[in-house]
Amino acid sequence: GAMELISTTTVSTAVSSVEFTGLSIGRYKIIGRLVLNATSGQVNAKFTDGGALVNTNNYTSRSYKGIGAYTTAGYFVLAPNYGTANFEFSFEMILDIYDVTKAPKAYGTGIQHGLGGISDVTFAGWNPDVLTASDGINIHATGGTIASGSISIYGVSS
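Going by my numbering, the letters in the sequence shown line up with residues -4 to 153, in that order.
Written out as structure tokens, the structure is:
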């Protein structure tokens, strides 16, 4: 479907996270361009509800370089930690916020590049504890900051 830009966050000074909230039920596309993780941690995401993080240990995700396992944790992984600080990550994510009977889902692909070379990353995440529609997503670096890059969210018409 057609895409309409809702918002863009351009990071020029380090931040702990980038968040898009106040979303209604529907489909969204999130595009990250050259998002720089300033530490050797990974880049993760959580859903939000009413502006607050949905904190639970039941996010299920699969994010891998080559082959990886499904994991259940307090977030879903967008860019794994390969032990390299200052890696850049570009990605495209689809965020589906459903009705009250279905948990939100997010999935997509990305390219991660840093000192260790270039890796392709595929990710998917959802939280079965979220039984009502969430209204946003929070993208954050573990143990550090997002130093630069841009992240945009678009509404996708059906």
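C-beta atoms are modelled at their ideal positions from N, C-alpha and C, and glycine is treated no differently.
Of the residues A142, I148 and Y102, which one's Cα is nearest the Cα of S11? For the residues A142, I148 and Y102, the minimum Cα distance to S11 belongs to A142.
Whole-number beta carbon distance between Y70 and K41, since they are thought to touch under 8 angstroms: 5 angstroms
Buried or exposed (CB count within 10 angstroms, at least 16 for buried), V0: Contrary to the premise, residue 0 reads as Leu rather than Val in this sequence. So L0 ends up on the exposed side.
Under 8 angstroms by Cβ, that's how I've got K18 and G131 pegged, so tell me the actual separation to the nearest angstrom. Checking the sequence shown, residue 18 turns out to be Leu, not Lys. Sure, about 5 angstroms apart at Cβ, within 8 angstroms.
Three-state secondary structure assigned by DSSP to G61: Bear in mind that a pLDDT of 49 at G61, under 50, signals an unreliable position, so the number given afterwards is only what the model happens to contain. If DSSP states are grouped into helix, strand and coil, G61 belongs with coil.
In angstroms with no decimal places, state the Cα-to-Cα distance between S2 and S145. 11 angstroms
Verify whether the separation of the beta carbon atoms of L90 and Y149 is less than 8 angstroms. no
Beta-carbon within less than 7 angstroms of G27's beta-carbon, same chain only, minus the 5 sequence neighbours each way: which residues are those? F84, S85, F86, G144 and I146
Proximity to N53 [Cα-Cα], best of T5, V72 and I92: V72
Separation of A136 from N32, as counted between CA atoms: 7 angstroms
From what residue to what residue does the beta strand (DSSP E) around I89 run? Per DSSP, I89 belongs to the beta strand (DSSP E) from F82 to I92.
By a C-beta neighbour count over all protein chains shown, 10 Å radius and 16 as the cutoff for buried, is G(-4) buried or exposed? G(-4) sits exposed, since fewer than 16 C-beta atoms from the chains shown fall within 10 Å of its C-beta.
Measuring straight from C-alpha to C-alpha, what distance separates N39 and I25? One C-alpha to the other measures close to 14 angstroms.
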